[in-house]
Each structure stands twice: as C-alpha cells, then as structure tokens.
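Worksheet: the structure to be examined is printed underneath.
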Amino acid sequence: MPITDDMIIEATGELYSRSLRKVPEDAKAALAAAMETETNETARQTLKLQLKSAEMAENKDTFVCSDSGVPVYFVKVGSKAELACDFKASIRKGYETLVETIEPPLLKHVTNPITLERGYHGKDMPIVSYDFESGADYVEMVCSPKALGSGRWAALELFTFPTLEQIETYILDVAIKAGAQHCPPVLMGVGIGGTFDHCAGLAKKQTLRPIGEKNPDPVLAAMEARLTKAINGLGFGPMGTGGDTTVLGVHVDFSSGHGFTPVAVCFNCWINRRARVRIWGDGRMEWSE
Amino acid sequence: MSVTEHELTLPLSQEAAQKLNLGDFVYLTGEIFATAGLPTHDRLLKCLEGAEPLPFDMSGSALFHLGSLNEEAEDGTLSIVYMNPTTSTRFNGHMPRLIPGLGLRATGGKGGLDAACARAMAENGCVYLSFLGGGAPIITAGIRKVTGIGWPEMISHYRIVRIEVERLGPLTVGIDARGNSIYDRTSQASLGKRASILDEMRAERDSFEG
Numbered sequence: 636m637p638i639t640d641d642m643i644i645e646a647t648g649e650l651y652s653r654s655l656r657k658v659p660e661d662a663k664a665a666l667a668a669a670m671e672t673e674t675n676e677t678a679r680q681t682l683k684l685q686l687k688s689a690e691m692a693e694n695k696d697t698f699v700c701s702d703s704g705v706p707v708y709f710v711k712v713g714s715k716a717e718l719a720c721d722f723k724a725s726i727r728k729g730y731e732t733l734v735e736t737i738e739p740p741l742l743k744h745v746t747n748p749i750t751l752e753r754g755y756h757g758k759d760m761p762i763v764s765y766d767f768e769s770g771a772d773y774v775e776m777v778c779s780p781k782a783l784g785s786g787r788w789a790a791l792e793l794f795t796f797p798t799l800e801q802i803e804t805y806i807l808d809v810a811i812k813a814g815a816q817h818c819p820p821v822l823m824g825v826g827i828g829g830t831f832d833h834c835a836g837l838a839k840k841q842t843l844r845p846i847g848e849k850n851p852d853p854v855l856a857a858m859e860a861r862l863t864k865a866i867n868g869l870g871f872g873p874m875g876t877g878g879d880t881t882v883l884g885v886h887v888d889f890s891s892g893h894g895f896t897p898v899a900v901c902f903n904c905w906i907n908r909r910a911r912v913r914i915w916g917d918g919r920m921e922w923s924e
Numbered sequence: 239m240s241v242t243e244h245e246l247t248l249p250l251s252q253e254a255a256q257k258l259n260l261g262d263f264v265y266l267t268g269e270i271f272a273t274a275g276l277p278t279h280d281r282l283l284k285c286l287e288g289a290e291p292l293p294f295d296m297s298g299s300a301l302f303h304l305g306s307l308n309e310e311a312e313d314g315t316l317s318i319v320y321m322n323p324t325t326s327t328r329f330n331g332h333m334p335r336l337i338p339g340l341g342l343r344a345t346g347g348k349g350g351l352d353a354a355c356a357r358a359m360a361e362n363g364c365v366y367l368s369f370l371g372g373g374a375p376i377i378t379a380g381i382r383k384v385t386g387i388g389w390p391e392m393i394s395h396y397r398i399v400r401i402e403v404e405r406l407g408p409l410t411v412g413i414d415a416r417g418n419s420i421y422d423r424t425s426q427a428s429l430g431k432r433a434s435i436l437d438e439m440r441a442e443r444d445s446f447e448g
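Chains as they are written, first to last, in our numbering: chain A, 636 to 924; chain B, 239 to 448.
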C-alpha cells in the first residue's frame, strides 16, 4: 500500500507537537550523567531542575519551553517506499492543521525578516529538507524546531586549506562567543568542508545524531572528545551561571570539498528538540526519540 | 555543600536585594511584571520620554524578560497558559535607561546582561535573576494570579503582564545589587583560559595515534 497525504499530514503535526513536549531520552541521560560529574553545586541543582522541567512537561502534557521556534523538518524517502501523496503540500497542510488545533496553542514566532511582523505562517514555512535512503521501504521524518535562543549563535567561516588546529580554534571561539546565551548544556553540531550550503546542512544534521553515540570515524571521535573537554573547560555551565557542563557533546562530520573549506557550527539548547517517525505503506508509524 | 536559598517577598527592599550573592537561589512571592518583546522595550523607553503613560506604575518593581501565552476570557478573567524566559542580552541597549527610569529593584530572564547594565544595577541597587530556559512547567506553576495585561493590542509575548506569583523559582542570582556579574566573570575567565586550553588540544592532537 502506498503512503498517503493523510499519513504525512498526521505525522507533520504529531512530530512538532511531540518535539515541544518530550525531551529525547538520550538528552535526559546526558543531563543525568552530567549531574554525576559536575562539581559546581548551583550547576548541579540547575541540571536537576532541567530534568524536573522535562518530567513535568511530560506529566502535564505541556511544552518544556514557551518558544516553539519555527518548524524545521528533515525527510528521507526510501527508494522502495511507494508514495501516493503530494509531499510538500501535505507537510504544509499538516503544519497549518497543527497550528489551528494544538493544545496549548503556540505563540506567534514565525517572523517576516523584512517587516518583523510575526505570526504562524510565512514564506517557506515549514522549512523542509528532502533526501533519499537507498533500499528503505519507508519514509523517515524528523522535526527539529529552531528558536532564537540557541539559533542565533550558529556561525560559519570559510578557510583555505586550514589545519586541524585552525578549525578547532575557530570552533572553540564560536563557543566562547556564544558563552552563557544558548541555554546550556548544549549539543554542538559541526560541519567541515563541502560548500557553503552543504556545510551548514552537515552541522545541523549532526545535532540530530543521538547524544553519547561514538563517532565511527576514529579521527572525528577523537576530535569530538577533545572539543567536548575543551569547551567544558571554559566554565560557562548550565544556563551560563557557571560550572563544568557547557556541552553535552560535540558532533562533527565532514565532506570533501575544494581548497576553500567552510566550517559551520550550530547549537541545540539542553532540550534538544527532536522527534522522529518512520512511516510504512501499511499505515504503521514508528515514533522514536 | 549546598546552594544558599532565599524566600523573598516583593516588592523587594533595598536591604533584601543587597543580601543576595552570586549563585544563590531565590523564590519570589508577590507582584512581578513580564514581557519578552523588543518593541515593548522600545515603547517603555518612549514612555520615559513622555510619549505616553506607562501601562502600570512600575517603580520599585521586578520586570522580567518572560514570554507568556496570556488570555482574557469573555468574563474579563485574565490567565497565563505558560510562561518562560527569553534572552535578556537582547535588551542590553534598553536596560541601562530602564533600570533607573522605571526604578527597577529586580530584573531577569536568561543569559544575563552586559557590563553597562550591571553598572546601572549597582547604581540603583537592582539584581538580575536567571530563570531556567525551558523551564515553562516549573515557572508557570509559580503563578498565582494574573492581575493586569498592559498593551493588549500587541501579540501575546510582547504584552506587559502583571502577575502575582507564589514561590516563583528557584531563580539564580546572576548579577548582584553591587554589580558583580557571573556572566562577566565566566566570560573573562573563559578568555583567560583560552590559551592553555588550545595548548592542551594541541598536545592531544600531537599524541593521537588513531
């Protein structure tokens, strides 16, 4: 059986709603682990409060944060998935339906950058990236809404034939500039190489990787461990009020490119808003995160 | 080791504000004002210049950078569905004038304020309290009653909401009434550590045998 418009509409709304209410299990585990190693008592209590907020949101079926951000989706279409839907139209419809029906209602965060007018809708909303997955007989959708709090500290710089030292120094300096601002402990996504546009996408996709999962590439795994230790050594701490826990992890990926090497860095706040579903033609929806 | 906690009643007295130290936790009971709007801060400054009256008498009060979904029911009952902090540094340009102009005894949100704001706070005996970002369930639970919605023609989180809170918190003292700032200290410290951290990273790269 093919995947239908109704299934995409349902998944679009449900993913956004879930991402606002449920802190992913890996993020909660990372916060709990940080409580064990954190030496600053205010910081330990702040981590505990973050876990309490996550628990209360789940129990009360409400939002962890009042800022629902803008809707951002990543779609992977399996090469063996059978589609009988207008995918783009259904995602738009799913978002529009969600905005009208979600309880509690959302605040108006979608902003026209020219007029600064704010509402629920706007040009290019929701923001969707499409990709394919060879051999899969399903469609996978991830929703990772983004707001100003952590979104504004993302950065991208273009280097020519940089050394690893130049790249890592840049990443550290982006973390210093973001400082206390992005609701730490954060998850940092880093993209290296490719082109300007591809590199930014690499960084964002790294924030969707499970926290605590070791990078299979030993060079990148060592780099991630080195950057995590270095940035936690800066001392900003949970909510930036001091401590040993500024990042829950640094996730790095690279792409081949030319001699010009973009390096992109972006952040997820401690909530790590992310919800994922796989949709099969027989109507099954497998939710995770 | 434990965090020092304070139970405070609003309006905050000069003496109570002076007793708070960086990193302390506080719980607030009494009246607060909340808004998350940049246009709101612009408008407040214009009020101080005489463009229009303030929506409320805010002297000696606590004004926090909190965004909320607030509602007025048909029978006139005011309520807040959820509330949560926004980034205070967005208002770095406003607060040095708003703190003395409104006579604020407390402000707050998340992420702190800059050195110019901290100076204004020291001159006026005002403290900065850090709310948990992503703490909507905890913060909303501290609301006892909404007693006023100023500038209702603005979108929800831009309005100025007057709220009675009960044990709102815990909030962390981020900048004290003497102008000492956790944010300034951690920021300076991070710059101070930068060179030695880069040295360590270099040594780790050099010894990598993956």
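Don't be surprised by glycine CBs; every beta carbon is placed ideally from N, CA and C.
9 Å Cβ cut-off: residues of chain B touching A:W905
Against the first sequence, residue 905 of chain A aligns to sequence position 270. Simply G371 and G372.
For the stretch 350-367 of chain B and the stretch 331-339 of chain B, state whether three or more C-beta atom pairs, one from each stretch, are separated by less than 8 Å.
At 8 Å Cβ cutoff, the stretches touch.
In the DSSP assignment, the beta strand (DSSP E) including B:A272 goes from what residue to what residue?
Start at 1 with the first residue of the second sequence, and residue 272 of chain B comes out as number 34. The continuous beta strand (DSSP E) containing B:A272 extends over residues F263 to T273.
What does A:T697 reach in chain B if we use C-beta pairs closer than 9 Å?
Residue 697 of chain A sits at position 62 when you count from the first residue of the first sequence. Result: V319, Y320, A374, P375 and T378.
Going by beta carbon distance, what residues of the same chain come within less than 8 Å of A:L718, once the five residues before and after it are set aside?
Taking the first residue of the first sequence as position 1, residue 718 of chain A is located at position 83. Counting only Cβ-Cβ distances below 8 Å, and skipping sequence neighbours, we find P637, I638, V712 and V774.
Which residue from B:G373, B:C285 and B:L283 puts its Cα closest to that of A:M691?
Here residue 691 of chain A corresponds to residue number 56 of the first sequence, with the count starting at 1. The option with the nearest alpha carbon to A:M691 is B:G373.
Counting beta carbon pairs with one atom in the stretch 640-652 of chain A and one in the stretch 726-744 of chain A, are three or more of them shorter than 8 Å?
A contact between stretches requires three or more CB pairs, one per stretch, nearer than 8 Å, and the stretch 726-744 of chain A meets this requirement with the stretch 640-652 of chain A.
Do we get a CB-CB distance below 7 Å when we pair B:A427 with the residues of chain A?
For the purposes of this step, residue 427 of chain B is taken as residue 189 along the second sequence, with counting starting at 1. Yes, its Cβ sits closer than 7 Å to a Cβ of chain A.
Pop quiz: A:C834 and A:A899 are said to be a contact at Cβ under 8 Å. What is the actual Cβ separation, rounded to whole angstroms?
For the purposes of this step, residue 834 of chain A is taken as the residue at position 199 of the first sequence. For the purposes of this step, residue 899 of chain A is taken as the residue at position 264 of the first sequence. With a beta-carbon spacing of about 5 Å, A:C834 and A:A899 fall inside the 8 Å limit used to define contacts.
Since A:A794 is in the beta strand (DSSP E), which residue starts that stretch and which ends it?
For the purposes of this step, residue 794 of chain A is taken as residue 159 along the first sequence, with counting starting at 1. Just to set this straight, residue 794 of chain A is Phe in the shown sequence, not Ala. Residues A790 to T795.
Three-state secondary structure (DSSP) at B:M296?
For the purposes of this step, residue 296 of chain B is identified with residue 58 of the second sequence, where counting begins at 1. Here DSSP, grouped into helix, strand and coil, assigns B:M296 to coil.
If you draw a straight line from the alpha carbon of A:P903 to that of A:G824, how long is it in whole angstroms?
Stepping through the first sequence from its first residue, residue 903 of chain A is reached at position 268. Stepping through the first sequence from its first residue, residue 824 of chain A is reached at position 189. A quick correction: the sequence has Asn, not Pro, at residue 903 of chain A. One alpha carbon belongs to A:N903, the other to A:G824, and they sit about 8 Å apart.
Can you pull out the residues from the stretch 358-369 of chain B whose beta carbon lies closer than 7 Å to at least one beta carbon of chain A?
For the stretch 358-369 of chain B, the set of positions with a beta-carbon nearer than 7 Å to some beta-carbon of chain A reads S368 in chain order.
CB contact flag (B:G347, B:S326, <7 Å)
Residue 347 of chain B sits at position 109 when you count from the first residue of the second sequence. Residue 326 of chain B sits at position 88 when you count from the first residue of the second sequence. With respect to B:S326, B:G347 sits close: the two C-beta atoms are nearer than 7 Å.
Could you spell out the range, first to last residue, of the beta strand (DSSP E) harbouring A:I635?
Chain A is shown from 636 up to 924; residue 635 of chain A falls before or after that span and cannot be answered.
To be precise: take each residue of the stretch 329-344 of chain B, compare its Cβ to all Cβ atoms of chain C, and keep it if any distance is under 8 Å. Which residues remain?
This model lacks chain C altogether, as its protein chains are A and B.
The alpha helix (DSSP H) enclosing A:E690, as first and last residue numbers:
Counted from its first residue, the first sequence places residue 690 of chain A at position 55. In the DSSP assignment, A:E690 falls within the unbroken alpha helix (DSSP H) covering E676 to K695.
Indicate whether A:T674 and A:P873 have their beta-carbon atoms separated by less than 7 Å.
Walking along the first sequence from the start, residue 674 of chain A turns up at place 39. Walking along the first sequence from the start, residue 873 of chain A turns up at place 238. Not in contact: A:T674 and A:P873 (Cβ atoms no closer than 7 Å).
Considering only the alpha carbon of each residue, which of B:P293, B:L429 and B:G298 lies closest to B:G268?
In the second sequence, counting from the first residue as 1, residue 268 of chain B sits at position 30. Per the C-alpha coordinates, the member of B:P293, B:L429 and B:G298 positioned closest to B:G268 is B:G298.
Please look up how many angstroms separate the CB atoms of B:L307 and A:S701, rounded, as I've assumed it's under 8 Å.
For the purposes of this step, residue 307 of chain B is identified with residue 69 of the second sequence, where counting begins at 1. For the purposes of this step, residue 701 of chain A is identified with residue 66 of the first sequence, where counting begins at 1. Correct: roughly 7 Å between the Cβ atoms.
In chain order, what residues of the same chain have a beta carbon less than 8 Å from the beta carbon of B:T324, not counting five sequence neighbours either side?
Reading the second sequence from its first residue, position 86 is the one you call residue 324 of chain B. Taking C-beta separations shorter than 8 Å and ignoring five residues to either side along the sequence, the partners of B:T324 in its chain run A274, H303, L304, G305, G347, K348 and H395, following chain order.
With burial defined as no fewer than 16 other Cβ atoms inside 10 Å of the residue's Cβ, what is the status of B:G314: buried or exposed?
Your numbering for residue 314 of chain B matches position 76 in the second sequence. Exposed, by the Cβ-count rule.
What residues in the stretch 428-447 of chain B bring their beta carbon closer than 8 Å to a beta carbon of chain A?
In summary, the residues of the stretch 428-447 of chain B whose CB is separated from some CB of chain A by less than 8 Å are S428, L429, K431, R432, I435, L436, E438, M439, R440, E442, R443 and F446, in the order they occur in the chain.
On the premise that A:E800 lies in contact with B:R440, defined as a C-beta separation below 8 Å, what is that separation, rounded to the nearest angstrom?
Locating residue 440 of chain B in the second sequence gives position 202, counting from the first residue. Locating residue 800 of chain A in the first sequence gives position 165, counting from the first residue. Right, their Cβ atoms sit about 6 Å apart.
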